[in-house]
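The structure under discussion appears below in the form of structure tokens.
In our numbering, the protein residues as written are 8 to 194.
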């Protein structure tokens, strides 16, 4: 249960490449991505309403995860290679390959709060290439950013979309060492 009244800030963005084998996901070690600016996630799913007896009789929503975006200062080349499938040549040039297929990832990040920081993990995220933009420098320098559009879906095998864990809880200090997994309650 959260003790926070507000949240603010974005930091400690990490990704972990996911591999699916037999309906189960395994993750590589999380890799930090410096330069987190903002993250926006909107619920994805449909609402179905059934009317009977002159009123709403039954309502159900499907949880298909989230759609949104992650704004970063710049996407590191290592991310582009590991996740987007870009290729580095012998001279250090980075090539975008039309045949590359982005790999699913877990996305980990942290928000500050008035009482405690909270760490989050999205378990099965598909990202798309960021747009390429730039503009001339005028009287003042305006720093540009890159934005990844993404879909966070229920993870195969578990159905989990995301988790959050506050400071002071077991697993918080090692949250970015590996992708956090569900720990069943003990009776």
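Even glycine gets a Cβ: it sits at the ideal position worked out from N, Cα and C.
As the structure is a computational prediction, the values presented were derived from the model and not from experiment.
query	result
Let me make sure I understand the geometry here. Which of 28, 19, 42 and 129 has the alpha-carbon closest to that of residue 78?	42
I need the DSSP call for residue 189, collapsed to helix, strand or coil.	coil
When burial is assigned at 16 or more other CB atoms within 10 Å of the CB, is residue 19 buried or exposed?	buried
Rounded to the nearest angstrom, what separates residue 111 and residue 127 at their Cα positions?	17 Å
Residues in its own chain within less than 7 Å of residue 72 by CB, not counting five upstream and five downstream?	51, 158, 159, 160, 161 and 168
Within 10 angstroms of its Cβ, does residue 125 collect 16 or more other Cβ (buried), or is it exposed?	buried
Taking Cβ to Cβ, would you say residue 15 is nearer than 8 Å to residue 118?	yes
What does DSSP give as the partner residue(s) for residue 64 in the beta ladder?	Bridge partners of residue 64: none, in fact.
With distances taken Cα to Cα, identify the nearest neighbour of residue 191 among 181, 165 and 173.	165
In whole angstroms, what is the alpha-carbon distance linking residue 54 and residue 104?	38 Å
Which of the three DSSP states, helix, strand or coil, is assigned to residue 126?	strand
When DSSP labels each residue in this structure, what does residue 155 get in the three-state scheme?	strand
Which same chain residues end up closer than 8 Å to residue 142 when comparing Cβ atoms and leaving out the 5 residues on each side of it in sequence?	149 and 151
Apply the 10 Å Cβ neighbour rule to residue 65 and answer buried if 16 or more other Cβ atoms are within range, or exposed otherwise.	exposed
Any idea which residues DSSP pairs residue 45 with across the strands?	78
Specify, as a first and last residue, the run of the beta strand (DSSP E) that residue 24 falls within.	14–28
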